[in-house]
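One structure is given below, encoded as structure tokens.
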Amino acid sequence: MLRLYRASLRLLPREVREEDGAAIVATLEDQLAGASTETERTRIWLRAFVRLPGAAMGMARDARSVRGSGRGNPQGGGDGMYGMIRTLRLALRTLMKAPAFTWASVLLLALGIGAGTAAFGIVDHVLLRPLPYPQAERLVYMTNGSHSGPTLRRLDAVHAFDAWVATSEATLNLARPDAEPVRVRGAEVTASFFSVFGATPTVGRVLVEGDEGGPDIVVLTHDAWQRLWGGDPAVVGSTIELAGRSGEVVGVLGEDFVPPQALTGRDVDVLYPMNWNNPNLERPGYHAHSVVGRLAPGASIEQADADLVRVADDVMAAYAEHYSEYSEPVRWPVEPLAAITVGEGITRGLALLLGAVALLLLVACSNVAHLFLARGIGRTQEMSVRRALGASTRALVGQLAAESAVVGAAAGIGGVALAWLTLRGFGRWTTALPRGEAISMDLRVVGFALLLSTATVLVFGLLPAIRSTRRDLHRVLRSGARGASSSRTVQALRSGLVVGEVAVSLVLVTLAGLLMRSFVEVARQDTGIVSDNVVMVPLSVSAPETGDAYVQMMTTITEAVRQVPGIETATWSGELPFENVGGSSCCWAMRAQLTEDDEPTRLAGHSVDEYFFSTFGTELVAGRNFLPGETEPVAIVGERTAIRGWGSAQAALGEIIEARGEARRIVGVAEHTLHYGLDIPHDITAYIPLWQNPFSMPWASLAVKTRGDASGLHDDLRAAIWSVAPELPIPTVTTLDAMIDESTSTRRFGGALATSFGVLALVLAAGGLYGTLLYSVGEQRRAIGIRLALGAGRRRIERAVVGRALTLGAGGVVVGIALSWYVTRFLESFLFRVAPRDAVSLVGAAAVLLAVTAVAAWFPARRAAGTDPLETLRVE
Amino acid sequence: MTDPNDVLPLAPRDLLILVVLAEGPLHGYGIVKAVEERSEAGVLLDPANLYRVLRRMREQGWVGECDGDGSDRRRTHEITARGRAVLRAEVERLDRLVKHARPALG
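If you're matching them up, the sequences are chains A and B in order. Numbered by the working numbering, the letters in the first sequence go through residues 1346 to 2221 in order. Numbered by the working numbering, the letters in the second sequence go through residues 10 to 115 in order.
Take a look at the structure:
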């Protein structure tokens, strides 16, 4: 801030700055130091900045008058406030007389400022602001997955941390007296969670050191308290049943607490203490907890990494047998929690958004520069006459500055309104964006809009205007009432702006084309699944003691569902296709070497029952399905797996594959399917019978294929599930189609966003082109009139105007293609089966722009051809 | 030396700066504080305008710079004889003005 002020002192005359600059800054520093409250400091800042331009102008005036007359202006203020208001009123009146110019400028700038402000609002909230926790900049996240009990027990040895938090999230059943059971999101947390994340209770207390034993003691988030208990404070002290165990609610967190998304997810409902007596915490292979550390004052990330290397070595030494399978030592380098929360993809995406918006703003500004330039030329005569009548350059520039300021202010207000609307509309997608819920219009964002409007007005309004006051007085006056044609430089400048606009628009249209083509490619993917009439029912079950009991329970539920009339078949698994979109593995994945001479690869594994393939309509291209309850270790592999390993589906039958720790005989080959999303490869896969490697988990999913439309069957489905598992909360039923659709929503959003930018840029470029041509046609009316009078055909005039436009457009297209060539490579990671330098997108964008150019040129061309030669000549 | 009455009337801000300097030399922030107190927060100065006024007064010979207790950057100003003359002239003018105006209030 002080730097900004120091920089702003450049406004002062140089002599003054050199002599008094340091003293001025020192006084401001003293003033700030002397202020006792934040409000007072803000007022001092405001006063210092707001009054600076006035002081600068005054000083410049003083310098002249002191030298000139030897006598100062004792009043100091001079014409000051009154003069300014007068100038502004004159500016307003002048602008009102040219409504087309005024509205066009305001609208164009408002669009640019609005888009820029909205983008800044998003980026600021998601990327720039610190996380809403005390000392957020010192919070770091231990990467490389979840961590085991042996690791957690050694974390106190990390001296670079002055505190650390471990959490483990889960979906649980919550049962309350007199209410139906519901699924809630819970997290097991260490007591340090509350102090590290600054979570304070609004009712009751938070968890403290010594609270132990899992969901016996529960703290609710404010949201869950409102939603499930209607904000009843009596809930504190009451008993609830969580995951089949009874627990006591001891407190409710404050409303302003934002759960750390990277740890607990943003929708967490209940928090309960870490159960250090959980026997699983003794196992080095039970990786269940995410860890965040707070760096001690002065400690660096490198120190934390070094400490964690020691901890990792210690854990590996203590559990040498477990770690003997690992090919390399385990490491958990830390990364800032903020970076983990937002993630690289989002950061890149937002950078791209900012880039696109900057380009858009550039187009808008260049349009406005155009308008001002054109108007400035149109007014050279007015200016020359006023100058001849004795107006000083300062007065003329002041007048033009006031006009720019009025346009800028109006555009700023419009832009803020537009940004506000955009951000509100954006709210619909905020769940897709980490930290998205915080996005809103606030002072910082409005301040940014203000800066943006000021900068755009200064650069693109004032500069061309000043030019017009500097024009050679005599020459303009001499050319008299005929109206001067623009000088060569101005024409070149205008052409340059048009070329630039077309080029920038081409880049944006190309980006939109690439993203939309990727989206189409993704949507066209063959899933290997027949999703018609398939509904998905995720269940949160109470994890039984053993894996066998879990399989037994789920098999019973699925059997009951299969009996419902209208249901063709049903299958269940811990994780079904399109349930874990964006992931690369949920339940098990391993490095596998299919044959001896094959490179090791990543194998995605799925534990399924014998109904899986029929429910999802996935064909077995060779071999057979699993037999009910078969005990021989067998596997079914994906077609691409078979081809990679053994050359063909047939050849893979009878071969051995190592999956889930066992050598299994391949008995079948299934057609290629997608599982984690339409754009996520799923080539090397294996399915094993889920009863052969049972694993008890607190969740499971049902997929049900119905005969005909499923929507009438939801109640029957629920009834069937409840008939065998009455303690289950209301199961949600989603169609598989909806889930597949949902998996592309981010892409669709990105494509739509890019397209809207592209369209906006096109409209702006077309508007700019239209404006310039219209202006230059108007300027050349006389010449055109003479040509018509001398017998030139109207067609020829039209062709000349359109030709000129197309020349400019073609220039812009060439520059734009060169620019796209460079820019699109930043897009690579967002594309799917489309090359960043995709010819179709580039050529398509070029064609669109040339077409738009031609259309934009058509109307000015018609007007030029419609010139009445008599009328223009009569003016002579 | 021209007649001090030629430069009257003074802007309230200028008058107040002369008033506080008449009581002794002050550096920039000192002037800001003193003027703020003297005017009961009616006149709030920002640094740039303060130095603008000081510069003008220096050029007119109403104030001068002197060695203060502060660092190089904190420049100290004191009132000159001419400054006092201007201040006296302005206060007397205001006095007369008030004396004539008062009876109108009845």
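The beta-carbon is built from N, C-alpha and C at its ideal position, and this holds for glycine as well. Quick caveat, the model's predicted, so the values are computed rather than measured.
Local conformation of residue i per DSSP, three classes
i: Gly1423 of chain A; result: Confidence in Gly1423 of chain A is poor, its pLDDT being 40 and thus under 50, which makes the residue's placement too unreliable to answer from.
i: Phe1717 of chain A; result: helix
i: Leu1851 of chain A; result: helix
i: Ile1691 of chain A; result: helix
i: Arg1732 of chain A; result: helix
i: Pro2034 of chain A; result: strand
i: Thr1609 of chain A; result: helix
i: His1492 of chain A; result: strand
i: Ala2055 of chain A; result: coil
i: Arg2009 of chain A; result: strand
i: Ile2025 of chain A; result: coil
i: Met1881 of chain A; result: strand
i: Thr2079 of chain A; result: strand
i: Ile1874 of chain A; result: coil
i: Trp71 of chain B; result: coil
i: Glu2000 of chain A; result: coil
i: Gly2161 of chain A; result: helix
i: Asp104 of chain B; result: helix
i: Ile1562 of chain A; result: strand
i: Phe2177 of chain A; result: coil
Test: residue i CB closer than 8 Å to a CB of chain A
i: Arg33 of chain B; result: For the record, residue 33 of chain B in the displayed sequence is Gly; it is not Arg. Answer no: the Cβ-Cβ gap between Gly33 of chain B and chain A never drops below 8 Å.
i: Lys42 of chain B; result: yes
i: Pro13 of chain B; result: no
i: Pro112 of chain B; result: no
i: Ile26 of chain B; result: no
i: Gly152 of chain B; result: Any answer about residue 152 of chain B is impossible in this case: the structure gives chain B only from 10 up to 115.
i: Gly37 of chain B; result: yes
i: Arg97 of chain B; result: no
i: Arg47 of chain B; result: no
i: Arg91 of chain B; result: no
i: Cys84 of chain B; result: Contrary to the premise, residue 84 of chain B reads as Arg rather than Cys in this sequence. Yes, Arg84 of chain B counts as interfacial toward chain A.
i: Arg65 of chain B; result: yes
Where the beta strand (DSSP E) through residue i begins and ends
i: Ala1894 of chain A; result: Per DSSP, Ala1894 of chain A belongs to no beta strand (DSSP E); it is in the alpha helix (DSSP H), 1892-1907.
i: Thr1946 of chain A; result: 1946-1953
i: Ile88 of chain B; result: 85-88
i: Leu2047 of chain A; result: 2045-2051
i: Leu2105 of chain A; result: Premise fails: Leu2105 of chain A lies in the alpha helix (DSSP H), 2090-2124, not in any beta strand (DSSP E).
i: Gly1638 of chain A; result: 1635-1640
i: Trp1677 of chain A; result: Where Trp1677 of chain A is concerned, there is no enclosing beta strand (DSSP E), given that its DSSP letter is neither H nor E.
i: Glu1593 of chain A; result: 1590-1598
i: Gly1983 of chain A; result: 1979-1983
i: Trp1917 of chain A; result: 1912-1918
CB contact below 8 Å: residue i versus chain B
i: Gly1403 of chain A; result: yes
i: Asp1384 of chain A; result: In the sequence under discussion, the amino acid at residue 1384 of chain A is Thr, which differs from the Asp named in the question. With 8 Å as the cut-off, Thr1384 of chain A does not count as an interface residue toward chain B.
i: Ala1380 of chain A; result: no
i: Arg1431 of chain A; result: no
i: Thr1545 of chain A; result: no
i: Arg1362 of chain A; result: no
i: Ile1292 of chain A; result: Nothing about residue 1292 of chain A can be reported from this structure: the residues present for chain A run from 1346 to 2221 only.
i: Ala1696 of chain A; result: no
Limits of the alpha helix (DSSP H) - the one that residue i falls within
i: Lys1442 of chain A; result: Per DSSP, Lys1442 of chain A belongs to no alpha helix (DSSP H) and is neither H nor E.
i: Ser2186 of chain A; result: 2184-2210
i: Asp1507 of chain A; result: That residue, Asp1507 of chain A, is in no alpha helix (DSSP H); its beta strand (DSSP E) goes 1506-1520.
Whole-angstrom C-beta distance between residue j and residue i, which should lie under 8 Å
i: Thr89 of chain B; j: Glu74 of chain B; result: Not quite, the Cβ-Cβ distance comes to about 11 Å (not below 8 Å), so this is no contact.
i: Arg1989 of chain A; j: Ile2025 of chain A; result: Actually they are not in contact, since the Cβ atoms of Arg1989 of chain A and Ile2025 of chain A sit about 18 Å apart, beyond 8 Å.
i: Ala1703 of chain A; j: Trp1677 of chain A; result: That pair is no contact at about 38 Å.
i: Ser1885 of chain A; j: Leu1517 of chain A; result: 7 Å
i: Val1660 of chain A; j: Arg1499 of chain A; result: 6 Å
Checklist entry - Per the contact definition of three or more C-beta pairs closer than 8 Å, is the region 2061-2071 of chain A in contact with the region 2026-2045 of chain A? => result no
Next on the checklist: Under 8 Å: do the region 2145-2158 of chain A and the region 23-35 of chain B share three or more Cβ pairs, one atom per stretch?
Outcome noted: no
Checklist entry - Any contact of the region 2185-2192 of chain A with the region 1697-1717 of chain A, i.e. 3+ C-beta pairs under 8 Å? => result no
Next on the checklist: Under 8 Å, with one C-beta from each stretch per pair, do the region 1458-1478 of chain A and the region 1679-1690 of chain A reach the 3-pair mark?
Outcome noted: yes
Checklist entry - Does the region 2049-2059 of chain A touch the region 1999-2008 of chain A, meaning 3 or more C-beta pairs lie closer than 8 Å? => result no
Checklist entry - Is it true that the region 1501-1510 of chain A meets the region 1557-1567 of chain A, where meeting means three or more beta-carbon pairs spaced less than 8 Å apart? => result no
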